[in-house]
Every structure is written in structure tokens, then in C-alpha cells.
Amino acid sequence: MKHFKLVGVAFCAALLSSAACAQNPAIHLQVDASDAPRGILHSKLQMPVRAGKMTLIYPKWIPGEHGPNGPITDLVGLKLAAAGKEVAWERDPEDMFAFNLEAPQGAEILDVALDFLLPPGSGAFSSAASTSEKLAVVTAAFTAMKLTVPGPLTLLQVTVTFPGGLGKPSSLALPCSETLAGNVMV
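So that you can map any letter, position 71 of the sequence shown is 186 in my numbering, and since no number is skipped, the others follow by simple counting.
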């Protein structure tokens, strides 16, 4: 009987997450880690939008960390565009992890470009150095390289480009390539 309950719970969870994805179309995230040896990751996001005011959220709570200390100070070069035009944004006056903007009429996709400066020295968790000339650990970068909208889970379709010459980009049994792609729930 326990087996059936567990399967039922898993089935319900799958239904809920797929319903959440149906309500929030996927966000496409491209991470370019080709400058990782210099301590810079580049990111481009494409997310569906409707005309009007909206808020984008930078992750405040990082998995595995023990406080709301998302590395927002390392987010630089934020640029937004929709329907081929630059979109102005401003920091929320009460939440430094929130960005307010107004998507223009006729906009269906918001293009977001940002850079993330990787920590240079020693530290704990996401504040520790994670790259060198021969190594680039981008696990935490998935959290730090995106902005999301408040609300239910969203499917994040991710593509990562690694620096040439690093060798195999993963310890997983994947084809040897300098680009990896996959889906993540955020």
C-alpha cells in the first residue's frame, strides 16, 4: 500500500509541476562561459511577456546557502529589450533583488542580457572562486545567471557554451562538445 501512496504522490507532483509549466511558458537561458577563465559569464534570456508593468526577480535564496545572500553585487551589464526596442528598468525601492519595468505594447518576448562576475578569491559557497584557466564550475551560475518572474515554477531551457580547449564539459556520460543543453525547473 505504501508503494501506491508514493506513486500517487509522485503522480500528483508531476501533474502540479506540468500545470505550473503550462501557465508559465519556458524561459530560454543561454550561458556563455567562454570568458570564464577571466572570471566573467555572459547570459541571455528570452522570456514571454505581456504589455504592461512587471517585475523581474534575481535569486535571493541560493540552494545550499543559509541566508538570503544571492550574489546580486556580481550582476553587471543588465540590458532589457522587447520588440526591438530598449526597455528601461529600475531597481525596486524596497527589494534590491527586484527590477521593475514596463513591457511595451505589442511585445511578446523580453530579451535580457547580463553578465556575472565570478568571485576571484577564497570564500564560502557561492562567494568562493569557481574558475581558473583550466576549470570552470558553472553549477551555481544557473542560479546567478537568470532573472525570473514571481509566481509558480517555470521551465528553464538552458544552453551553456564552455571555453574551447577545456576538454569534456561534464563528468556525465555526454558527447564531448563545448555546448550542453537541457531543461531545469525554477
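Beta carbons: idealized from backbone N, C-alpha and C, even for Gly.
Computed from a predicted model, the values in this text were never measured in an experiment.
Separation of V146 and L233 (C-alpha to C-alpha, rounded to the nearest whole angstrom) is 13 Å. In summary, I187 is exposed, with fewer than 16 beta-carbon neighbours lying within 10 Å of its beta-carbon over all protein chains present.
Apart from the 5 residues on each side of it in sequence, F212 sits with its Cβ closer than 7 Å to the Cβ of I172, Y173, K175, G185 and I187 in its chain, given in chain order.
Per DSSP, P152 lies in no beta strand (DSSP E) segment and is marked neither H nor E.
Within a 10 Å sphere around the beta-carbon of D210 sit fewer than 16 other beta-carbons, which makes this residue exposed.
Annotation for G154: L232, L233, P235 and T246 place their beta carbon closer than 7 Å to its own, counting only its chain and skipping 5 residues before and after. DSSP places A197 inside the beta strand (DSSP E), whose first and last residues are L190 to A197.
For I177, the secondary structure class from DSSP, reduced to helix, strand or coil, is coil. Counting along the chain, V227 sits inside the beta strand (DSSP E) bounded by residues I224 to L232.
The straight-line gap separating the alpha-carbon atoms of T170 and P265 is approximately 7 Å. Taking D207 as the centre and dropping the five residues before and after it, the same chain places the C-beta of A213 and N215 closer than 6 Å to its C-beta, in chain order.
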